[in-house]
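Going by UniProt numbering, the first residue of the sequence shown is number 1, and it counts up by one from there.
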Amino acid sequence: MEEVLVLRIALDEEQLGEVRTRFRFDAAAPYEVRLTFHVGRPDEADWVFSRGLLRDGLDSLSGQGDVKLWPTHCPCHGLTLHVALESPHGSALLEASRPQVKAWLERTYRLVPDGREAEVLPSDEELTRLLTQGGSGAL
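Here it is, written out as C-alpha cells:
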C-alpha cells in the first residue's frame with residue numbers, strides 16, 4: 001500500500017520548500033516502511049526504516065543516528081511530525097502532517113497488526129525449502 005504526501009522541507013533557517021513523498025508499506029516486509037522523496041531528479045532519495053520507529057515518533061522523540069522523528073505543533077500547520085535525516089551526503093529536516101501520517105500508518109496496522117508481523121513472514125521450514133530448491137518455486 002502506498003500514499004503520496006506533501007512534506008515541507010527546511011531549505012535554510014527562513015525558507016521552506018515542499019517535497020512529494022511516497023509512503024510505502026509491503027505486508028511481505030511487515031517491520032519496515034519506505035519513504036521515497038521525489039526531488040525532481042531521476043535519483044530519488046529512498047529511506048527505509050522501522051514501522052515501529054514511525055509509530056513511536058508520532059508520540060515522542062524516536063530514533064537515533066540517521067533517522068529521528070518527533071511530534072510538534074506548528075502555529076501555521078497544526079499537529080506535525082518532524083523527520084530528521086542524516087547521510088554522508090547531507091542532512092534534511094522535513095515536516096509532515098501528523099494526522100495524515102497517523103492515518104496512513106493505522107492502515108498498515110490493519111493489514112498486519114502490531115505483534116503479528118512474524119505470522120506473514122516465511123517459516124523456518126519454508127525458508128529451508130526455498131534455499132534447498134536453489135531459489136526456484138513459490139513459498
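A virtual CB, placed ideally from N, CA and C, is assigned to each residue, including glycine. The structure presented is a predicted model; accordingly, all values stated were derived computationally and were not measured.
With a cutoff of 9 Å on beta-carbon distance, Leu7 and Trp47 are scored as not near each other. DSSP places Glu13 in the coil class of the three-state scheme, outside both helix and strand. For the set Gly78, Tyr109, Val67, the Cα lying nearest the Cα of Ser91 is the one of Val67. Collapsing the DSSP output to three states places Leu105 in a helix. The residues Asp66, in chain order, have a CB closer than 8 Å to that of Ser87 in the same chain once the five nearest residues on each side in sequence are set aside. For His38, the beta-bridge partners assigned by DSSP are Arg20.
The continuous alpha helix (DSSP H) containing Gly52 extends over residues 51-57. Secondary structure at Gln64: strand, using DSSP grouped into helix, strand and coil.
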